[in-house]
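Just so we're aligned, residue 7 is where the sequence shown starts under my numbering, counting upward by one.
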Amino acid sequence: MLDFSSVIDAVAAAFSAYSSGKTETPLRVGVEPQGTSGVLLVMPCAVAEPAALGAKIVSVFRDNPARGLPTVTSTYVLADYSTGAPLAVMDGGFLTAIRTAAGSAVATRVLARSDARTLGVFGTGVQARFHVETIRRVRSLERVLVRGTSPDKGAAFARWITEATGVNARATSVAEAAAADIVALCTTAAEPVLRARDVQPGAHVNAVGAFTPTTREMPSDLIARASVYVDTRAGALSEAGDLLLPVQEGVFELDKIVGEVGELLDGRVSSRTDEQQVTMYKSIGAAFLDAATAHLAYAAATHQRVGTVYKFDAE
């Protein structure tokens with residue numbers, strides 16, 4: 007129903023809307039149930055243009071795979087912008103996966119070297135899969151290097167990539183995956199999954215897995231040498247452990263964040279300045295990306311007459 011290129015364009019417009027002050031995007035509210043490894047988050051948002059209003063409820067429970075359940079589950083409720091009446095209830099997991107990967111693709115399109123041809127992916131889940139799909143639409147990938155939590159998972163994901171996309175892929179080591187032209191970190195890890203020395207000059211890194219102040223996928227010495235861009239400053243300053251932990255260690259300062267992707271798209275901050283520069287996009291997730299993607303999905307569903315119609319009566 008949704009094609010990746012359309013979502014990438016919608017997400018790019020949403021980035022610009024946010025950085026131009028055309029959205030109402032409060033920081034998400036989260037609760038961590040005692041005795042669990044999980045968190046429940048609520049993310050409301052209103053986007054003025056195109057008009058979109060809604061909220062996502064998302065849970066992230068790290069122990070779920072051992073129970074045969076997905077790590078991330080969520081539901082999105084889209085409402086009429088003018089009346090607040092509910093329009094649709096959607097699979098929030100799909101929206102989260104595709105909008106997050108589309109955000110990385112937007113950042114890759116404006117930050118990665120134009121000749122970038124290799125992608126290193128850490129993770130083998132749906133987020134990793136969608137990153138392959140979106141990034142190959144903004145760069146002509148020749149090879150994907152996969153680093154999974156086990157050799158079997160890595161090999162299976164690499165086979166899927168080759169069969170589904172035609173791009174050569176294989177499972178590999180941490181060092182080789184980290185040495186790719188473009189690196190995508192799509193894990194649920196709480197500690198760094200790669201070493202700074204393995205990331206090559208001129209690389210671009212997308213980091214989307216860690217989303218709390220105490221978790222990270224990247225080591226501090228990598229943050230210290232990179233030009234850092236974020237989805238939102240507010241989110242990064244409050245929740246991005248990838249940045250906050252290096253600050254605590256004294257190797258990074260938050261005012262060194264170059265800017266938001268929306269500011270980059272609008273020309274208010276600079277992009278890559280040389281071929282040796284390491285650029286980095288850090289995302290913790292933003293509600294305006296959900297709203298924009300849900301709006302696009304609703305428009306596509308109504309046009310294609312997809313979905314089930316329910317009438318909610320007050321009586």
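The beta-carbon is built from N, C-alpha and C at its ideal position, and this holds for glycine as well. Quick caveat: nothing in here was measured; it's all calculated off a predicted structure.
Legend entry - Burial state of E139, where buried means 16 or more other Cβ atoms lie within 10 Å: For the purposes of this step, residue 139 is identified with residue 133 of the sequence shown, where counting begins at 1. Buried is the call here.
Inset, instruction - Can you give me the start and stop residues for the alpha helix (DSSP H) that G60 sits inside? - result: If you number the sequence shown from 1, residue 60 lands on position 54. Looking at the DSSP string, G60 is not in any alpha helix (DSSP H); the run it does join, the beta strand (DSSP E), is 58-67.
Inset, instruction - Report yes or no: do three or more beta-carbon pairs, one from the stretch 147-154 and one from the stretch 92-99, lie closer than 8 Å? - result: no
Inset, instruction - Apply the 10 Å Cβ neighbour rule to H309 and answer buried if 16 or more other Cβ atoms are within range, or exposed otherwise. - result: Position 303 of the sequence shown holds residue 309. Label assigned to H309: exposed.
Legend entry - Spatial distance of G265 from Q282 (CA atoms): Walking along the sequence shown from the start, residue 265 turns up at place 259. Walking along the sequence shown from the start, residue 282 turns up at place 276. Using only the alpha carbons, I get a separation of about 19 Å.
Inset, instruction - Please report the residue range of the beta strand (DSSP E) in which A242 lies. - result: Your numbering for residue 242 matches position 236 in the sequence shown. Unbroken run through A242 is the alpha helix (DSSP H), 239-245; no beta strand (DSSP E).
Legend entry - Pairwise C-alpha distance: E245 and F294: For the purposes of this step, residue 294 is taken as residue 288 along the sequence shown, with counting starting at 1. For the purposes of this step, residue 245 is taken as residue 239 along the sequence shown, with counting starting at 1. Their backbone Cα atoms lie some 17 Å apart in a straight line.
Inset, instruction - Would you kindly work out how many angstroms separate the C-alpha atoms of E169 and T124, rounded to a whole number? - result: Taking the sequence shown and counting its residues from 1, the one referred to as residue 169 is at position 163. Taking the sequence shown and counting its residues from 1, the one referred to as residue 124 is at position 118. Going from the Cα of E169 to the Cα of T124 covers about 17 Å.
Legend entry - Beta-carbon proximity check, L47 vs F128, cutoff 8 Å: Here residue 47 refers to the residue found at position 41 when the sequence shown is read from its first residue. Here residue 128 refers to the residue found at position 122 when the sequence shown is read from its first residue. Against a cut-off of 8 Å, the Cβ pair of F128 and L47 comes out as no contact.
Legend entry - Where P71 falls: helix, strand or coil (DSSP): Residue numbering aside, residue 71 sits at position 65 when the sequence shown is read from its first letter. P71: helix per DSSP, three-state reduction.
Inset, instruction - Look up V312 in the DSSP assignment and say whether it is helix, strand or coil. - result: Counting from one through the sequence shown, the residue named residue 312 turns up at place 306. It is coil, neither helix nor strand.
Inset, instruction - Flag this pair as yes or no: are the beta carbons of G126 and A91 separated by less than 8 Å? - result: Looking up residue 126 in the sequence shown gives position 120. Looking up residue 91 in the sequence shown gives position 85. Contact: no.
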